[in-house]
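In UniProt numbering, the protein residues as written are 1 to 180.
Scroll down for the structure; my scribbles are underneath it.
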């Protein structure tokens, strides 16, 4: 059971309604429980949904973004985010095997592997990475802008992981077993 009220869309604050309508459209008529929980704070919902939209238009692409999300979710033991991003990753064209590898922080693609290593180090070190860590991801072919996006996507995933873990948001996607 969640630790705060999990409103349905109609019960959410009026200031959350515009974002909830966008989310409902994006998710084919439903609003996932995480967004309903966050709708208790219109400011938090605008921040989260706006960040998802901004990074969707970024340089990293949906496939890499979903691989990063499952790795970060597993590291933070966020069952909700792991389940959700496995569905979103499949929708982006990733195979179950690729998603399982990413969940373990691995990839057969050297560029993706470097990104996974970097974001997991960001998580583990609370952002305190070295110049060599940044250079390693640059050497793997990431531009300066893409490195900034890797940090930003990590922060967004921490936001969602913390919401779901701290508030015990019920998982409304097919469950995936954590490895961490």
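We treat Cβ as the ideally placed atom computed from N, Cα and C, and that holds for glycine.
Cβ-Cβ separation between residue 16 and residue 32: approximately 14 angstroms, too far for a contact (criterion under 8 angstroms). The three-state secondary structure of residue 18, taken from DSSP, is helix. DSSP, read as helix, strand or coil, puts residue 141 in coil.
Residue state for residue 129 is assigned as coil, using DSSP reduced to three classes. Assigned with DSSP and collapsed to three states, residue 9 falls in helix. Excluding the 5 residues flanking it on each side, residue 171 has same chain C-beta neighbours closer than 6 angstroms at 79, 80, 83, in chain order. Contact annotation, residue 130 with residue 116: C-beta distance approximately 17 angstroms; criterion of less than 8 angstroms not satisfied. When DSSP states are grouped into helix, strand and coil, residue 146 belongs to the helix group. With a threshold of 16 other beta carbon atoms within 10 Å, residue 67 meets it and is buried. For secondary structure counted as the alpha helix (DSSP H) over 4 or more consecutive residues, the region 51–84 holds these complete runs in sequence order: 62–75. In this structure, residue 60 sits away from residue 137, with a CB-CB distance that is not shorter than 8 angstroms.
Non-local C-beta neighbours of residue 9 in its own chain, meaning closer than 6 angstroms and more than five positions away in sequence, comprise 20, 31, ordered along the chain.
CA-CA distance, residue 12 to residue 64, rounds to 32 angstroms. A contact between stretches requires three or more CB pairs, one per stretch, nearer than 8 angstroms, and the region 96–105 fails this requirement with the region 44–61.
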